[in-house]
Amino acid sequence: MRAYYKRTLQNIAILFLMFVGVKNFVISLPLKHSPYFEGFYQRIDTTDTMFLQGRLAFILSLVMILLAFNLYKRVRSAWIAEIIVLVISIILQAIYFHAFAAHMIILETLILTILIASVNDFSRKTHSHSFKKALMYVGFSFLLLILNAALGLYIIRGQDHVANVLSQALLESVKLMVFMDESVIADRNTVETVYADSIIALYWVSVFAALLVILKPVTYDYFKNKADLEKVHALVLKYGQNPMSYLAMENDKSYFFSVGVEGVCSYTIVGDVMVICGDPICALENGFVFLSELLTFSRTRHYDLVLLNITEMFLNLYKANQFGYLKYGEDACFKLADYNLKGGAAAKVRAAINHANKAGIQVHEYKPKMKIDLKIEKEITEISNEWLRNKAMPEMQFMLGGINLDAPRERRYFYAVDDHEIMLGFVVFLPYLGGKAYLADVTRRRNNAPQGVLEKIIFDASMIMKDEGVIFGNMGLSPLYNVDENESRNISVKVSSYIYENLNTLYNFKLLHHSKEKYAPTHWESRYVAYYPKPMTIKYAYAIVRSQNPTHLSKILRELLNNRAFLRGKK
482 MRAYYKRTLQ
492 NIAILFLMFV
502 GVKNFVISLP
512 LKHSPYFEGF
522 YQRIDTTDTM
532 FLQGRLAFIL
542 SLVMILLAFN
552 LYKRVRSAWI
562 AEIIVLVISI
572 ILQAIYFHAF
582 AAHMIILETL
592 ILTILIASVN
602 DFSRKTHSHS
612 FKKALMYVGF
622 SFLLLILNAA
632 LGLYIIRGQD
642 HVANVLSQAL
652 LESVKLMVFM
662 DESVIADRNT
672 VETVYADSII
682 ALYWVSVFAA
692 LLVILKPVTY
702 DYFKNKADLE
712 KVHALVLKYG
722 QNPMSYLAME
732 NDKSYFFSVG
742 VEGVCSYTIV
752 GDVMVICGDP
762 ICALENGFVF
772 LSELLTFSRT
782 RHYDLVLLNI
792 TEMFLNLYKA
802 NQFGYLKYGE
812 DACFKLADYN
822 LKGGAAAKVR
832 AAINHANKAG
842 IQVHEYKPKM
852 KIDLKIEKEI
862 TEISNEWLRN
872 KAMPEMQFML
882 GGINLDAPRE
892 RRYFYAVDDH
902 EIMLGFVVFL
912 PYLGGKAYLA
922 DVTRRRNNAP
932 QGVLEKIIFD
942 ASMIMKDEGV
952 IFGNMGLSPL
962 YNVDENESRN
972 ISVKVSSYIY
982 ENLNTLYNFK
992 LLHHSKEKYA
1002 PTHWESRYVA
1012 YYPKPMTIKY
1022 AYAIVRSQNP
1032 THLSKILREL
1042 LNNRAFLRGK
1052 K
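Here our numbering runs 481 ahead of the position in the sequence shown, where the first position is 1.
1) What do you reckon, are the CB atoms on Ile-842 and Asp-887 nearer than 8 Å?
2) Residue range of the alpha helix (DSSP H) that Val-908 falls in?
3) Measuring CB atoms only, is the segment 724 to 732 touching the segment 866 to 884, in the sense that at least three cross pairs come out at less than 8 Å?
4) Taking C-alpha atoms, which residue in Tyr-820, Cys-814, Leu-548 lies nearest to Arg-913?
5) Which same chain residues end up closer than 6 Å to Leu-935 when comparing Cβ atoms and leaving out the 5 residues on each side of it in sequence?
6) Beta-carbon within less than 6 Å of Asp-922's beta-carbon, same chain only, minus the 5 sequence neighbours each way: which residues are those?
7) Going by beta-carbon coordinates alone, are Glu-774 and Gly-741 separated by less than 8 Å?
8) Closer than 7 Å by C-beta to Val-713: which residues in its own chain qualify, once you throw out the five before and the five after it? Chain order, please.
9) Measure the alpha-carbon distance for Asn-928 versus Met-904 and round it to whole angstroms.
10) By DSSP, does Asp-760 sit in helix, in strand, or in coil?
11) Determine the DSSP secondary structure at Gly-639, reduced to helix, strand or coil.
12) Got a sec, what are the start and stop residues for the alpha helix (DSSP H) Thr-594 sits in?
13) Mind checking whether Met-946 and Gly-954 have CB atoms under 8 Å apart?
14) Below 8 Å, how does it come out for the segment 828 to 836 and the segment 1013 to 1024: are there three or more Cβ pairs, yes or no?
15) Please report the residue range of the beta strand (DSSP E) in which Phe-799 lies.
16) Please state whether DSSP places Glu-1006 in a helix, a strand or coil.
17) State buried or exposed for Tyr-724, treating a residue as buried only when at least 16 other CB atoms are found within 10 Å of its CB.
18) Which residues mark the beginning and the end of the alpha helix (DSSP H) in which Gln-574 is found?
19) Considering only the alpha carbon of each residue, which of Arg-780, Glu-743, Glu-589 lies closest to Ile-565?
20) Pull up the DSSP beta-bridge partners for Glu-846, would you.
21) So, is Gly-639 buried or exposed, given that buried needs 16 or more other C-beta atoms within 10 angstroms?
22) Would you call Gly-915 buried or exposed, if buried means 16 or more other Cβ atoms sit within 10 Å of its Cβ?
23) When you compare the CB positions of Tyr-1013 and Leu-786, do they come within less than 8 Å of one another, or not?
24) Buried or exposed for Leu-591, please, with buried defined as at least 16 other CB atoms from any protein chain shown within 10 angstroms of its CB.
25) Using a Cβ-Cβ cut-off of 8 Å (strictly less than) and excluding sequence neighbours within five positions of Val-503, which residues of its own chain qualify?
26) In chain order, which continuous runs of the alpha helix (DSSP H) of length 4 or greater are located wholly inside the segment 922 to 952?
27) Apart from the five residues just before and just after Met-499, which ones in its own chain have a Cβ nearer than 7 Å to its Cβ?
28) Let me check one thing: in DSSP terms, what residues is Thr-749 bridge-paired to?
29) Going by DSSP, what residues sit across from Arg-744 in a beta bridge?
30) Pick out whichever of Asn-551, Arg-555, Ala-837, Asn-871 has its Cα sitting closest to the Cα of Phe-940.
31) Just tell me which of Ala-583, Glu-949, Ser-779, Ser-747 has its CA closest to the CA of Asp-709.
32) How would you write the range of the alpha helix (DSSP H) that Tyr-1021 sits in, first residue to last?
33) Apart from the five residues on each side of it in sequence, which residues of its chain come closer than 8 Å, Cβ to Cβ, to Phe-497?
34) Any idea what DSSP makes of Ala-677, helix, strand or coil?
35) In the DSSP assignment, the alpha helix (DSSP H) including Ala-768 goes from what residue to what residue?
36) In whole angstroms, what is the alpha-carbon distance linking Pro-889 and Glu-860?
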């Protein structure tokens, strides 16, 4: 909790710096010359006391906003630059004293104190290559200053006392390029005006390029190799209790390995948020050590954490480590020993399977590790491509696996054919709990497939697995279903409920739930999202959506904005 208040205090200081940057931006606008805004500008600063005006105020406002943004990301180079800027600002305001100088000096001194006291928290370093690039840009800006001064000396060559005006030429070059004071060029014509504007632009472009490069923090670039993938594979088979564990071997994942214990988690980065697929893949007794290492890793790189679709196995551990958590939905689960199609709850599935049986549809298992059949793989690919083409939105990623026929491993492939041996649909199952349970991950069929194709594949495959000793089946997550169970009606729950009720044209959460419910699961298991630090914020919500929709977020936002139910709810 102490860390939370410390971070909040830092963010308030950063917000004030952002406000000052915006204020300088407003000052720089040409609106101050309009009689309509004269009173407003006199209230925020008087023209005769402002020593930063026009284009210089505009440039400095952008610098302050850029520094504030990178301070929020806890970049060390931004901290150093801001300390220098604040010291200079305090000195300048003491020299150029104005009506608000005392107030600004007090506030900036307070912010300076907060930043100095928090030096260890601004630890995101800049890559050494970035420093080299920044030095190149800074060197170019200094070269422009010298060349401009040299040009001035060349113009007055042959005059008396030329040797004594070198310092004056450099000073006027600084006035022109740094302070953008074009009055140093007497009797300007069109060519000289274009020259002055061009060299000023080149100088500040170089300065901004140096700033952008040097403020870019080192990102933790993880490079997968075959040895790491095999290590993850072994850990998934040994400790993968979460149905999402097997997704760790998909190509869109990076890995964090524990040093002190056997364990791994798979993740992606969205901005400054580390989004983790499921729970840590480790033994329960090693969870505390693993989570401690993960928190240390995230803190040193200033990543916030979001763990998606977690089970109840580590939930108490998350609570003990001050994670926030929310219910994320429910998994449709089946204890295969107790499962059958009797009763009214399974009537729709029973009728669909009867229809498929009457049509002569048969279910087979394809075992690519035993024998590759190119005809079967071609049909699987054709069905998959056809299915994807006809979706309203591209398939969600990160929390959903692929077909992976090139690396099947323990995946199981069941498919249905008609009496002409034409494939109609297929389902890919992923193992968890050491092969004692399977998740129906990828389910696809042809557009013209008869009713009951997928239902028959899933039921027949479940019965085959049951005979082999598999204990549980899983139809996967029903997202955002029952999210308000045992929860107060807080804003996070309201947002989740709103998405569930109103985004059906995109991912049809209601239909997805009904498609699982019709199988009459023997039980439902709650799934959660955990996040650190508290509280739940828009940044976390964005990271959750973005990680699963990396290229199509704009369509989701348009759907939200266009939804009339949202507007009615605000009235």
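All C-beta atoms in this analysis are idealised placements derived from N, C-alpha and C, irrespective of residue type, glycine included.
This one's a predicted model, so the numbers in the text were calculated from it and none came from an experiment.
By the coordinates alone:
1) By 1-based counting over the sequence shown, the position of residue 842 is 361. By 1-based counting over the sequence shown, the position of residue 887 is 406. No.
2) Here residue 908 is taken as the residue at index 427 of the sequence shown, counted from 1. Unbroken run through Val-908 is the beta strand (DSSP E), 904 to 913; no alpha helix (DSSP H).
3) yes
4) Looking up residue 913 in the sequence shown gives position 432. Reading off the sequence, residue 913 comes out as Tyr, not Arg. Here the closest residue by C-alpha is Cys-814.
5) Translated into positions along the sequence shown, residue 935 becomes position 454. Cβ within range, chain order: Gly-906, Thr-924, Arg-926.
6) On the sequence shown, residue 922 is found 441 positions in, with the first residue counted as 1. Hits under 6 Å: Gly-882, Val-909, Leu-911.
7) Counted from its first residue, the sequence shown places residue 774 at position 293. Counted from its first residue, the sequence shown places residue 741 at position 260. By the CB criterion at 8 Å, Glu-774 and Gly-741 fall inside the cutoff.
8) Stepping through the sequence shown from its first residue, residue 713 is reached at position 232. Within the same chain, Val-713 has close Cβ partners Ala-729, Met-730, Tyr-736, Val-745.
9) Within the sequence shown, numbered from 1, the residue matching residue 928 stands at position 447. Within the sequence shown, numbered from 1, the residue matching residue 904 stands at position 423. Straight-line Cα distance between these residues: approximately 12 Å.
10) Start at 1 with the first residue of the sequence shown, and residue 760 comes out as number 279. Coil at Asp-760, not helix or strand.
11) Residue 639 sits at position 158 when you count from the first residue of the sequence shown. Because the pLDDT at Gly-639 is just 48, under 50, the model does not fix this residue reliably, and the value given afterwards should be weighed accordingly. Coil at Gly-639, not helix or strand.
12) Along the sequence shown, read from residue 1 onward, the residue named residue 594 stands at position 113. Note, Thr-594: alpha helix (DSSP H), 582 to 598.
13) Residue 946 sits at position 465 when you count from the first residue of the sequence shown. Residue 954 sits at position 473 when you count from the first residue of the sequence shown. Yes, they are a contact pair.
14) No: fewer than three Cβ pairs fall under 8 Å.
15) To locate residue 799, count along the sequence shown from 1; it is residue 318. The amino acid occupying residue 799 in the given sequence is Tyr; Phe does not appear at that position. In the DSSP assignment, Tyr-799 falls outside any beta strand (DSSP E) and within the unbroken alpha helix (DSSP H) covering 796 to 801.
16) Stepping through the sequence shown from its first residue, residue 1006 is reached at position 525. DSSP places Glu-1006 in strand when its eight states are reduced to three.
17) Counting from 1 along the sequence shown, the entry for residue 724 is found at position 243. A small fix is needed here, since residue 724 is Pro in this sequence, not Tyr. The residue in question, Pro-724, is buried, as its Cβ has 16 or more Cβ neighbours within 10 Å.
18) For the purposes of this step, residue 574 is taken as the residue at position 93 of the sequence shown. First-last of the alpha helix (DSSP H) with Gln-574: 557 to 576.
19) Position 84 of the sequence shown, counted from the first residue, corresponds to residue 565. That would be Glu-589, whose Cα lies nearest to the Cα of Ile-565.
20) Stepping through the sequence shown from its first residue, residue 846 is reached at position 365. Answer is Phe-895.
21) Here residue 639 refers to the residue found at position 158 of the sequence shown. In this prediction, Gly-639 scores a pLDDT of 48, lower than 50, which makes its location untrustworthy; the coordinate-derived value is nonetheless stated afterwards. Gly-639 comes out exposed.
22) Position 434 of the sequence shown, counting from 1, holds the residue named residue 915. With fewer than 16 Cβ atoms within 10 Å of its Cβ, Gly-915 is classed as exposed.
23) Position 532 of the sequence shown holds residue 1013. Position 305 of the sequence shown holds residue 786. Going by C-beta atoms, Tyr-1013 is nearer than 8 Å to Leu-786.
24) Start at 1 with the first residue of the sequence shown, and residue 591 comes out as number 110. Counting Cβ neighbours within 10 Å, Leu-591 comes out exposed, since fewer than 16 surround it.
25) Mapped onto the sequence shown, residue 503 falls at position 22. The residues are Ser-542, Ile-546.
26) 934 to 949
27) Your numbering for residue 499 matches position 18 in the sequence shown. Correct list, in chain order: Ile-546, Ala-549.
28) Here residue 749 refers to the residue found at position 268 of the sequence shown. According to DSSP, Thr-749 bridges with Val-756.
29) Taking the sequence shown and counting its residues from 1, one reaches residue 744 at position 263. Before going on, a small fix: residue 744 reads as Gly here, not Arg. Beta-bridge pairing links Gly-744 to Cys-763.
30) Along the sequence shown, read from residue 1 onward, the residue named residue 940 stands at position 459. It is Ala-837 whose Cα lies nearest to the Cα of Phe-940.
31) Walking along the sequence shown from the start, residue 709 turns up at place 228. Closest in C-alpha terms to Asp-709, from the list Ala-583, Glu-949, Ser-779, Ser-747, comes Ser-747.
32) For the purposes of this step, residue 1021 is identified with residue 540 of the sequence shown, where counting begins at 1. That run of the alpha helix (DSSP H) goes 1019 to 1029.
33) One-based indexing of the sequence shown puts residue 497 at position 16. Leu-588, Ile-592.
34) Here residue 677 refers to the residue found at position 196 when the sequence shown is read from its first residue. Correct three-state label for Ala-677: helix.
35) To locate residue 768, count along the sequence shown from 1; it is residue 287. Checking the displayed sequence, the identity of residue 768 turns out to be Gly instead of Ala. Taken as a continuous stretch (DSSP letters only), the alpha helix (DSSP H) holding Gly-768 covers 768 to 781.
36) Taking the first residue of the sequence shown as 1, we reach residue 889 at position 408. Taking the first residue of the sequence shown as 1, we reach residue 860 at position 379. Using only the alpha carbons, I get a separation of about 16 Å.
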